[in-house]
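Following: one structure in structure tokens, then a few remarks.
There are 2 protein chains.
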Amino acid sequence: MAVNAERFLKDLHDLRGFGASGVGKGVVRPAYSEADVAARRWLASRMEDAGLQVRFDPVGNLFGLAEGPSLLMGSHSDSQPEGGWLDGALGVIAALEVARSAGRPVSVVSFQDEEGRFGVTTGSAIWSGHLPLAEADTLTDHAGVSFGAARAAMAGLAGDFVDPARFTGFVEMHIEQGPTLDTEGEQIGVVSDIVGIRDMKISFRGQQNHAGTTPMHLRRDAFQALSLFNARINDRFRNLVTSRTVWTIGHVALHPNASSIVPGRAQFSMQWRDGDAGRLARMEEIIRDTAHEVARETGMELEFGPLLGLEPVAMDARLKAALETGARDVAPGKWRTMPSGALHDATNVARLMPVAMLFVPSIGGISHDFAEDTDEADLVAGLRVLERAVEALA
Amino acid sequence: MAVNAERFLKDLHDLRGFGASGVGKGVVRPAYSEADVAARRWLASRMEDAGLQVRFDPVGNLFGLAEGPSLLMGSHSDSQPEGGWLDGALGVIAALEVARSAGRPVSVVSFQDEEGRFGVTTGSAIWSGHLPLAEADTLTDHAGVSFGAARAAMAGLAGDFVDPARFTGFVEMHIEQGPTLDTEGEQIGVVSDIVGIRDMKISFRGQQNHAGTTPMHLRRDAFQALSLFNARINDRFRNLVTSRTVWTIGHVALHPNASSIVPGRAQFSMQWRDGDAGRLARMEEIIRDTAHEVARETGMELEFGPLLGLEPVAMDARLKAALETGARDVAPGKWRTMPSGALHDATNVARLMPVAMLFVPSIGGISHDFAEDTDEADLVAGLRVLERAVEALA
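Top to bottom, those sequences are chains W and E. Sequential numbering of the first sequence, starting at 22, is according to our numbering. Sequential numbering of the second sequence, starting at 22, is according to our numbering.
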């Protein structure tokens, strides 16, 4: 029995009805919101219809379980506060369609809070053992609501955690969330690895002063230190990075942040990502050395926040080869292997079992925005690649 | 009759009682606050005791008027939200002591809202005709209170505006608010000119994007544009500026200002000050040209806010010579002529009459802070310079 593209697209549009934003195909379906819980109840009924056994775990991860050992497929159905209709929802609905039609046991999952209302890929982080439940319960969202209180809203549905030993592997389809496939006119990306991430707050503390009466040579201007640091790391990274490496200063807070006052303090975020753990470590060295050097030269006190991070994750060779077989058949000459620059639930699930991922294009590279979209022909191509991959694994 | 240093210091300490912060000698006495109005009532009574005719004008500027043509002296008694005990208060109390003891007619003024709760040197700007009253009434503070509503709190005290034609000139004593005198171990600065100021908001608009999935070469990162702009103007200013020129990027707002998102927008303040209007204009050219150049190179949309500014003001030669005479007598070998990098009420009053200014040291260059202070010996030296200058002008 083959996948049914029409039924797949109808399910996808039906899911969009939960939290539809009224702007294009946008959705507002953050984890544990009314729309999110309603969407999960609907998904559970579709899973039941597909002959799967439904299980909500204690944190709201929703499983549709096939009997016996099975391949797990899926992603997440929660959205950003302003999100698109596809994002993780695509991977969940595609998994459901494959489970309905595959000739072998396929289970389906929609992880909870992948978008990080409370943490980072919270639901799969807990399931995989990366994040202890007791610790997760103390996390709070921007409004001060705790994870513990939020998941209580789904307590009536909750059963036990699912034993990961029943799954032979995990395959996640997702939109690319970047411009590569769309720019190149390709339909399918088979993920080679999920890049590792490092994130650190850095602050320079100089001397707050009057911007009229403090001569330039007596200033200890924290913004100038930040600007110099930025220029130097850009220069020093050049000999180390690949075209896949990225680094970002995305958050800057000056103090007191007034036009007539020499900034006494600059706190900023330094984030870098790469598929190679060694390169991530060498970048960290450059960052720390350069910050110390700039602090010395400009008379700053320097403070590093804790180094947060996730290790790079390589995709499983056998699962990846199956996806490549599917891509060759479904989109000949219009696919590539590529790294994932974004985090996904697969990063956590890789602690438990072999994982692989598949991308379809994001039009204009846009994601986490009401304007996120993908050509329906590409969505169906992705579905068919999953179908072929499952056949190839049989 | 000579000035009375003890009476002068006692008045200064008494004035500090209005809005004393409880931290060191700090005061909290912003314009139109209860403490500010109470301080002005107390000042009015001290003026009356000194034989001066008290007049509050419609915006709360307080005058103690000598009969007939007179020299006007003073400054302002409002403070920053967290201010020091001296700042403008010093000039008001010193003027009062000189008016009490001088052998010729000296009037005293305490301007209102020099610290700019509503505008910039608001009270003297209105009195001098630089800022129309109707326009001032629409200005609001950070809490949304209008100037019109705030000055209504003093309406019961208000008489007419004072005719500036009754004054032969204006002399203002103030703390330096910078480190020069303190660093050099000097007691007195005779101001040569008040530097001009230019202030402009600039914004770069690039493309907000996912910090994991957007390759470096496809980014249009507004923070990177800001950092490049900053490095280039620093470099290009070098051949143009003097040791007195200053420039500051004191306010930066990134959007959305999140560690995992490439900044799509950077709005920042660009402020520069110099005693020469031509140099200010050449700096503006460099700023505009460089911003355009960086925007072109980095794919930004560029927007300039309105150019705000005040022209440089030279001190009157005759009044300045009188202060120099005083400085030579009172602090031989321990005084200098110097520009004022800060704005003062004298900037506005210069539109109406000849003006001159005198500085005493700020310990550590600190001002607009509870920790602001000056050695009492230096305060008295400043008082005596004013006394000698008034004698020299007779």
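Using N, Cα and C, we set each Cβ at its ideal position, and we do this for glycine too. Here the structure is a predicted model, which means the values were calculated and not measured.
Do you know how far the Cα of Ala371 (chain E) is from the Cα of Ile218 (chain E)? Indexing the second sequence from 1 puts residue 218 (chain E) at position 197. Indexing the second sequence from 1 puts residue 371 (chain E) at position 350. Distance between the alpha carbons of Ile218 (chain E) and Ala371 (chain E): 16 Å.
In angstroms with no decimal places, state the Cα-to-Cα distance between Leu152 (chain W) and Ala170 (chain E). Counting from 1 along the first sequence, the entry for residue 152 (chain W) is found at position 131. Counting from 1 along the second sequence, the entry for residue 170 (chain E) is found at position 149. Computed Cα separation, rounded: 55 Å.
Can you list, in chain order, the residues of its chain with a C-beta nearer than 6 Å to that of Val49 (chain W)? Leave out the 5 residues immediately preceding and following it. Counting from one through the first sequence, the residue named residue 49 (chain W) turns up at place 28. Taken in chain order, the residues that qualify are Gly40 and Ser42.
So, are the CB atoms of Phe244 (chain W) and Thr311 (chain W) less than 8 Å apart? Numbered from its first residue, the first sequence carries residue 244 (chain W) at position 223. Numbered from its first residue, the first sequence carries residue 311 (chain W) at position 290. Not in contact: Phe244 (chain W) and Thr311 (chain W) (Cβ atoms no closer than 8 Å).
Mind pulling the beta strand (DSSP E) runs of 3 or more residues that sit fully within the segment 94 to 178 of chain E? 127 to 132
When burial is assigned at 16 or more other CB atoms within 10 Å of the CB, is Arg125 (chain E) buried or exposed? Position 104 of the second sequence, counted from the first residue, corresponds to residue 125 (chain E). Classification for Arg125 (chain E): exposed.
For His34 (chain W), the first and last residue of its enclosing alpha helix (DSSP H): As a position in the first sequence, residue 34 (chain W) is number 13, starting the count at 1. First-last of the alpha helix (DSSP H) with His34 (chain W): Ala26 to Arg37.
Using a beta-carbon distance below 8 Å, is Phe139 (chain E) in contact with chain W? Along the second sequence, read from residue 1 onward, the residue named residue 139 (chain E) stands at position 118. Output row for Phe139 (chain E): interface = no.
Would you verify that the beta carbon of Phe244 (chain E) is, or is not, closer than 8 Å to some beta carbon of chain W? To locate residue 244 (chain E), count along the second sequence from 1; it is residue 223. At least one chain W Cβ lies under 8 Å of Phe244 (chain E).
Which one of W:Ala415, W:Val334, W:Val113 and W:Ser54 has the shortest CA to CA distance from Leu64 (chain W)? Taking the first residue of the first sequence as 1, we reach residue 64 (chain W) at position 43. Taking only the C-alpha atoms, the option nearest Leu64 (chain W) is W:Val113.
Using the beta-carbon of each residue, which ones in chain E are nearer than 7 Å to Ala239 (chain W)? Working through the first sequence from its first residue, we reach residue 239 (chain W) at position 218. According to the sequence shown, residue 239 (chain W) is Leu rather than Ala. The answer, in chain order, is Pro200.
Compute the Euclidean distance between the alpha carbons of His276 (chain W) and Glu393 (chain E), then round it to the nearest angstrom. Counting from 1 along the first sequence, the entry for residue 276 (chain W) is found at position 255. Counting from 1 along the second sequence, the entry for residue 393 (chain E) is found at position 372. Each residue's Cα considered, the two are about 19 Å apart.
For Pro284 (chain W), count neighbouring C-beta atoms within 10 Å of its own C-beta (all shown protein chains included) and say buried if the count is 16 or more, exposed if not. Looking up residue 284 (chain W) in the first sequence gives position 263. Flag for Pro284 (chain W) reads buried.
Under 8 Å, Cβ to Cβ, is there at least one residue of chain W near His389 (chain E)? Stepping through the second sequence from its first residue, residue 389 (chain E) is reached at position 368. It does: the Cβ of His389 (chain E) has a partner Cβ on chain W nearer than 8 Å.
Distance CB(Asp78 (chain W))-CB(Val183 (chain W)) smaller than 8 Å: Taking the first sequence and counting its residues from 1, one reaches residue 78 (chain W) at position 57. Taking the first sequence and counting its residues from 1, one reaches residue 183 (chain W) at position 162. It is a contact, given that the beta carbons lie within the stated cut-off.
Asn230 (chain E) - partner residues in DSSP beta bridges: On the second sequence, position 209 is the one that residue 230 (chain E) refers to. For Asn230 (chain E), which the question treats as bridged, DSSP gives the partners E:Val283.
Excluding five sequence neighbours on each side, which residues of the same chain lie with their C-beta closer than 6 Å to the C-beta of Asp57 (chain E)? To locate residue 57 (chain E), count along the second sequence from 1; it is residue 36. Here the set comprises Arg50 and Asp99.
Please tell me whether His272 (chain E) has its Cβ less than 8 Å away from any Cβ of chain W. Taking the second sequence and counting its residues from 1, one reaches residue 272 (chain E) at position 251. Chain W, which has a Cβ nearer than 8 Å to the Cβ of His272 (chain E), makes this yes.
For Glu197 (chain W), does the count of other Cβ atoms within 10 angstroms reach 16, so buried, or fall short, so exposed? As a first step, residue 197 (chain W) must be located in the first sequence, where it is residue number 176. Answer is buried; the Cβ neighbour count reaches 16.
Does the beta-carbon of Pro102 (chain E) have 16 or more other beta-carbons within 10 angstroms, so that it is buried, or is it exposed? The residue given as residue 102 (chain E) occupies position 81 in the second sequence. So Pro102 (chain E) ends up on the exposed side.
Comparing the C-beta of Arg294 (chain W) with each C-beta of chain E, is any distance below 8 Å? Along the first sequence, read from residue 1 onward, the residue named residue 294 (chain W) stands at position 273. Cβ-Cβ to chain E under 8 Å: yes for Arg294 (chain W).
Does DSSP put Pro327 (chain W) in a helix, a strand or coil? To locate residue 327 (chain W), count along the first sequence from 1; it is residue 306. Residue state, collapsed to three classes: coil.
On the three-pair Cβ rule with 8 Å, is the segment 69 to 76 of chain W touching the segment 153 to 163 of chain W? no
Just to confirm before moving on: does the CB-CB distance between Ala233 (chain E) and Val267 (chain W) stay below 8 Å? As a first step, residue 233 (chain E) must be located in the second sequence, where it is residue number 212. As a first step, residue 267 (chain W) must be located in the first sequence, where it is residue number 246. The question names Ala, but residue 233 (chain E) is Gly in the sequence shown. Cβ distance < 8 Å, so Gly233 (chain E) and Val267 (chain W) count as in contact.
Which listed residue (E:Leu400, E:Arg309, E:Glu205 and E:Leu301) has its alpha carbon closest to that of Thr358 (chain E): Position 337 of the second sequence, counted from the first residue, corresponds to residue 358 (chain E). Nearest of E:Leu400, E:Arg309, E:Glu205 and E:Leu301 to Thr358 (chain E), Cα basis: E:Glu205.
Show which residues of chain W have a CB atom less than 8 Å away from the CB atom of Val283 (chain E). If you number the second sequence from 1, residue 283 (chain E) lands on position 262. Result: Thr269 and Gly271.
Report the rounded CA-to-CA distance for Leu73 (chain E) versus Ser128 (chain E), giving the unit in angstroms. Position 52 of the second sequence, counted from the start, is the residue given in the question as residue 73 (chain E). Position 107 of the second sequence, counted from the start, is the residue given in the question as residue 128 (chain E). Cα-Cα distance, rounded: 7 Å.
Identity of the residues DSSP links to Leu83 (chain E) by a beta bridge: Here residue 83 (chain E) is taken as the residue at index 62 of the second sequence, counted from 1. Leu83 (chain E) is bridged to E:Phe77 and E:Ser131.
Could you check the C-alpha separation between Ala415 (chain E) and Ala377 (chain E) for me, to the nearest Å? Counting from 1 along the second sequence, the entry for residue 415 (chain E) is found at position 394. Counting from 1 along the second sequence, the entry for residue 377 (chain E) is found at position 356. Straight-line Cα distance between these residues: approximately 16 Å.
Counting only the same chain and skipping the five closest in sequence on each side, list residues whose C-beta sits under 8 Å from that of Arg203 (chain W). What you label residue 203 (chain W) is simply residue 182 of the first sequence in a count that begins at 1. Reading off the sequence, residue 203 (chain W) comes out as Asp, not Arg. These residues qualify, in order along the chain: Glu197, Pro382, Ser383, Ile384, Gly385 and Gly386.
Is the beta carbon of Ala413 (chain W) less than 8 Å from the beta carbon of Ala316 (chain W)? Looking up residue 413 (chain W) in the first sequence gives position 392. Looking up residue 316 (chain W) in the first sequence gives position 295. Not a contact, by the Cβ cut-off of 8 Å.
Which runs of the alpha helix (DSSP H), 4 residues or longer, sit entirely within the segment 187 to 245 of chain W? 201 to 205
Could you list which residues in chain E have their beta carbon closer than 8 Å to that of Leu364 (chain W), in chain order? Here the question's residue 364 (chain W) lines up with position 343 in the first sequence. Those within 8 Å of Leu364 (chain W) in chain E are Gly233.
Below 8 Å between beta carbons: does that hold for Leu379 (chain E) and Val130 (chain E)? Stepping through the second sequence from its first residue, residue 379 (chain E) is reached at position 358. Stepping through the second sequence from its first residue, residue 130 (chain E) is reached at position 109. No, they are not a contact pair.
I need the straight-line Cα distance from Glu118 (chain W) to Ile308 (chain W), nearest angstrom please. Position 97 of the first sequence, counted from the start, is the residue given in the question as residue 118 (chain W). Position 287 of the first sequence, counted from the start, is the residue given in the question as residue 308 (chain W). Going by the C-alpha atoms only, they are around 46 Å apart.
Could you tell me whether any Cβ in chain W is nearer than 8 Å to the Cβ of Asn251 (chain E)? Residue 251 (chain E) sits at position 230 when you count from the first residue of the second sequence. Closer than 8 Å: yes.
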